[in-house]
Structure formats: C-alpha cells, structure tokens
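Chains as they are written, first to last, in my numbering: chain E, 1 to 282; chain Y, 283 to 564.
Number of protein chains: 2
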Amino acid sequence: MHDFEAFIAKRFSALLPYPGKTSDAMAYSLLNHGGKRVRPKLVIDTVASYGIDPSISYDLAMAVECIHTYSLIHDDLPCMDDDTLRRGVPTNHVIYGPDNATLAGDGLNTLAFEVIATSTVLNDHQKVAATSTLARMANGMVYGQCIDLASEHTQIDAQTLLKLHQYKTGCLLSAALMLGGIASSHDEDLSALENIGYDLGIAFQFQDDIFDVTKDEVTLGKNNSDVRNEKSTSVSLFGLTKAKTMMQDYYDHALDLVETTLHLADPKPLQDFIHALIKRDH
Amino acid sequence: MHDFEAFIAKRFSALLPYPGKTSDAMAYSLLNHGGKRVRPKLVIDTVASYGIDPSISYDLAMAVECIHTYSLIHDDLPCMDDDTLRRGVPTNHVIYGPDNATLAGDGLNTLAFEVIATSTVLNDHQKVAATSTLARMANGMVYGQCIDLASEHTQIDAQTLLKLHQYKTGCLLSAALMLGGIASSHDEDLSALENIGYDLGIAFQFQDDIFDVTKDEVTLGKNNSDVRNEKSTSVSLFGLTKAKTMMQDYYDHALDLVETTLHLADPKPLQDFIHALIKRDH
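Below you can see the structure in the form of structure tokens.
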C-alpha cells in the first residue's frame, strides 16, 4: 500500500491547495494517522481478483477512505460519541477544535466525489457509476448512524442490531467492493458485491464488539464509548460465545459468496483479504 | 419555482427512503423551510439566458441547494456559530439535536452528488463536469468558513475580508452559474461564470452586513451572531456609506461581465436575477 499512500497525499495536496487549520485537520485524519486502510485495500484486492491492474482503482479507494474518515471525525465529535482517542492518537476535534473538525469532515465528504470526478484513468461511465454507488452507500451509512443514535440508552432487538451493523459498517464495505467491480468493468457483479459487503460489515462489527470486551484501550487505540452511551452490542445481546459463532458464520457466508457468485479471474486476493480480517487482533 | 419545489421533494424521497430523525432533519432544512432558493434560481436563470429549457438543470439546482443547506445546518451548530433562529424558525439542531443535525448536514452534502449522478436528463460528460465543479466550489466554501473561524475575535484587513466573502459566499454562487453553463453545454463560459459568482458573492455579503445594522432580527428571520463572535464586517471595516458604494460597484461589475463575456441567447433572465438581488430587502 506504499504506492497508494503516496498517491493520496499527492491528490490531496492538488485538490485542496488551501492553507489553514481546516486543511491541516483533514490531512491529520486522512493522511498522517490514516489507520488500517481496510476499505481502500478492499477496493484494490477486488480489482486484483478481477485480474486488473489495481492502480486504476486508486481514486476510488481514496474516495471511500475520504467518506470513512469524515464519518469517524464527525462520529468522535463532542455532540456525537465524544471520543478523545482514535488510532492511538487524540481525535481530530481534540487537536483542531470541534469547529474545524466539523469543517474537516465536511471537506472530506465532498473531496470523495471530487477525487472520482477528476480521475485521469476512469471513463465518464465509471465515474458516474462510482459517484452514484458511493453516495448511496455513504447515505446508507448515515442511516446506520441514525439508528445507532436512536439505540443509545435503550435495549434493542437482534433484528435492529443487524440492521444497524449492515448500514453503519456494511454499506461502506459494500461500496468498496462495488467500486472495485466498477473499476474492473464488471457491473454485472454489483449486486453480489453489495451483499458480500453486508456480511463483512456485520462480521466486522461483531468482531469489534468482541474486542471491546476482550482487549484493553491501549491495544485498540481508542476509547470504548459504547459502555458510556449504554449501547447494545452483539456481545451484550447474544453473549460472547454466540457472538463469536455468528461472526464466523457471516465471514464464512461472505467467503462462500465470493467463490460462487462473482466473475473473478482469481478469487485469492479477495479471499486473502477476508482471511486477514478474520485473523485481525484489533 | 413551484415545479422545482415539487421536483426536489420527489427526488429527496426517492433517494432517501429511510425513516427516522436524520431524514426528518434533512427534510426540515431542505424542503419545509427552504429559504429563498437564491442558488437554484441562479442555476435556472442562467440556463434560461442560454435559451435552454430550465427543467434540464433541476438536478443541478437541487445539488447546489443541498450543499448550501448542509453548510447552514453545520454553520448554526453549537460548536460553530451557535445560532438558534434561521429563516424565521428554530435552527436544525434546536429541533433535532446537534447529533442528528450533524448527520443531516453530512447526508445533504453527499446527496448533492447522488442527485447529479442519478439525473435522467444530463449526459455522463455533464454529470462529471458538474460533480467536479460543485465539489471544488463546495470545498472553496469550506475554505471560506475556515478563514471565517480564524477571523473571529480579531481585526482583519480588507483583503482578508474580500477573500473570506469570495470563498464563503462567492464559491457557491459561482457553482450555480457554472452548473447553469454545464447544463446548457456552454463549457467555454465556465471561467467567466466563475468570476461573476465571486462579484455577486462579495456584493451579497456586503448587503447582508448592511442589513445586519439596518434591519431587526424579526425582518431578517435570523440571529446576528457576527456581533457576538466579534467578527469584522464590511460595515465595521469600511463604514456604512462606503460599504454601500462598494456593494453597488460589485453588482455593477457582475452585470457588466454578464453583458460582455458570456455567449447568451438573451441576458435578461440573468440580469433580472441580479437586479432582484440588488433590490432585496432581507
């Protein structure tokens, strides 16, 4: 991913030539403390599985990461989860203030679509398909956050919890897979790719819930605001053992869909990506 | 604009089929208390001046209004200007809470680009040009807000004030004009349209500053947070008389550019738009 890091730093500077705290705040969360790059890797590995040169998808990989990063900055704000630690460093608003952090999130949200529209390697059809897909999924994620807010300080049922995870976490993983399909000109797989993302999202979030009760904050590099906000989690709802089984079932189902529903040249990069998620320790 | 109001209500419901407070909050600011529609009208009147059926530009007119509306919702937040009254009604966060208001702004920001990408009347080239233009201008507006934040509780010079207004207010008016040019397939005028928007933005903001000292809050339908935040304005910097002269000069310059630099079929709709701005009383 070294190439990709250089790519997004260059694109960021070219598209946001503005001095000042808001640009600094955007760079802080997107570039300097950029996290695990799960969604960009998913775009790139999907394209690799289709047998295409992954560099064609860097704009789309950056776009989904811009959306993910804006959502984290806003999610951490004092008026939202009020988290002060993320990726082992202070959250955006702790450094730049809630005002500039709000603007930085706004700028990254918009930047996602500018990166797609100004790509020099995608054709207009791909750009329009990517914009419409990413926008729909990003607003699915916002719906997930809306469900999340409505679920604070209350006991929710299993169906609501699954819907919450499908939207809040699954939508952007679906977007990443679908953007990979668009970059590879395999539009016939978009609906299957979308469904794989929902499985991965639910599994990923169950895994986070499991980490929250089995790992400490130093290992995780973030606060656990779920307890403070009295949020229901897969562990609180199903218990640790059943949550672990369900997580594995969702991952297995995603692997099965990869094998049976997609028109890939080589499923290995995408399978490896999912196996790496299963084995992650934070 | 009756047609346009029905159009955006329909597009909104189709693209955001989600129940809950966040969607309600988006509808509250975009649809129910939609303000003067200055930017949509500017898109539509630009297209009319090019001699094209304005309804081809409704998606673009809606997109720029989504960006404008998100910026107002976030600008009013307690962590930003902390305003409680807008368009004569309580601001978004007063009704829906700062958390859902933050999400509502995020959703409208993204929705702008989804509306463009899913248009049934624009071609792919127009969609890509509109996306890249609107995104660049929306992040110019964010830069303007960044300058604005840095200017609170401090005396700024004339040059900084003009840059602030050019970016914070001018960028979206430039975007509206340029989107009209894109819908009319007059890409050769985009740079001239951009410059007209900057003149209008500075004139419009000078006018707002003048209203803030000559009209009461009931007439304006909003709080005046500039005084509370000790912001420099054109009136505090130049005095009321000179601010009025400068405002008129910027409007006249915009009218001159419309007459001399654009390839219009009939300048009247665009001229009428600017004259209506000059004559507005709030």
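Quick reminder that beta carbons are idealized off the backbone N, C-alpha and C, glycines included.
For clarity, every value in this text was computed on a predicted model and none was experimentally measured.
At a cut-off of 7 Å between beta-carbon atoms, SER132(E) makes contact with chain Y. Scanning GLY181(E), MET141(E) and ALA14(E) for the CA closest to the CA of ASP53(E) turns up GLY181(E).
ILE492(Y) and THR515(Y) have their alpha carbons spaced roughly 9 Å apart. By the neighbour-count criterion, in which a residue is buried when 16 or more other Cβ atoms sit within 10 angstroms of its Cβ, THR154(E) is exposed.
Its chain contains THR69, ILE73 and ASN92 as the residues whose beta carbon lies nearer than 6 Å to that of SER29(E), once the 5 sequence neighbours on both sides are disregarded; these appear in chain order. Taking a cut-off of 8 Å for Cβ pairs, the segment 369-386 of chain Y and the segment 476-487 of chain Y do not touch, as fewer than three such pairs fall below it. For LYS450(Y), the number of other beta carbons within 10 angstroms of its own is at least 16, and it is reported as buried.
Given a length threshold of 4 residues, each whole run of the alpha helix (DSSP H) inside the segment 2-85 of chain E is given here in chain order: 2-15, 21-27, 38-49 and 58-76. Closer than 7 Å to the CB of GLU114(E) there is at least one CB belonging to chain Y.
When rounded, the separation of the alpha-carbon atoms in GLY140(E) and MET247(E) is 22 Å. Within the segment 376-388 of chain Y, the residues whose Cβ lies closer than 9 Å to some Cβ of chain E are GLY379, PRO380, ASP381, ASN382, ALA383, THR384, LEU385, ALA386, GLY387 and ASP388, listed in chain order.
A direct Cα-to-Cα measurement between THR392(Y) and HIS564(Y) gives close to 30 Å. Looking at the DSSP output, VAL371(Y) bridges to ARG368(Y). The Cβ atoms of PRO98(E) and CYS428(Y) do not sit closer than 7 Å to each other.
In the three-state scheme derived from DSSP, where H, G and I count as helix and E and B as strand, VAL403(Y) is classed as coil. Around the beta carbon of VAL403(Y), fewer than 16 other beta carbons sit within 10 angstroms, so the residue counts as exposed. Contact between ALA458(Y) and LEU324(Y) holds: CB atoms are separated by about 4 Å, below the 8 Å threshold. The Cβ neighbour count for LYS36(E), taken over all protein chains shown within 10 Å, is under 16; the residue is labelled exposed. Of all residues in the segment 350-364 of chain Y, those with a C-beta nearer than 8 Å to a C-beta of chain E are TYR352, SER353, HIS356, LEU359, PRO360, CYS361 and MET362, reading in chain order. The way I'd put it, the segment 328-343 of chain Y doesn't touch the segment 251-271 of chain E; fewer than three beta-carbon pairs between them come closer than 8 Å. ALA343(Y) and PRO322(Y) do touch by the CB rule: their CB atoms are close to 4 Å apart, below 8 Å. Annotation for SER456(Y): the continuous alpha helix (DSSP H) segment containing it runs 453-465. A residue is called buried when at least 16 other Cβ atoms come within 10 angstroms of its Cβ; GLN159(E) does not meet this threshold and is exposed.
The beta carbon of TYR143(E) sits closer than 6 Å to the beta carbons of TYR167 from its chain, once the five residues preceding and following it are set aside; these are given in chain order. The DSSP-derived three-state label of SER234(E) is helix. When the Cα atoms are used, SER236(E) and LEU31(E) turn out to be separated by approximately 35 Å.
Secondary structure of THR413(Y) (DSSP, three-state): helix. When GLU259(E), PHE206(E) and CYS66(E) are compared, the shortest CA-CA separation from LEU161(E) is found for PHE206(E). Taking 8 Å as the cut-off between beta carbons, the residues of the segment 425-440 of chain Y near chain E are TYR425, GLN427, CYS428, ILE429, LEU431 and ALA432, in sequence order. When LYS292(Y), SER456(Y) and LEU431(Y) are compared, the shortest CA-CA separation from ALA417(Y) is found for SER456(Y). Here the alpha carbons of CYS453(Y) and HIS557(Y) stand approximately 20 Å from one another. If you ignore the 5 residues before and after PHE289(Y), its C-beta comes within less than 6 Å of the C-beta of TYR340, all in its own chain and listed in chain order. Assigned with DSSP and collapsed to three states, LYS497(Y) falls in coil, not helix or strand. Collapsing the DSSP output to three states places PRO380(Y) in a helix.
If the five residues before and after MET178(E) are omitted, its C-beta is found closer than 8 Å to the C-beta atoms of THR133, MET137, LEU190, LEU193, GLU194 and GLY197, all from its own chain and listed in chain order. Assigned with DSSP and collapsed to three states, HIS447(Y) falls in helix.
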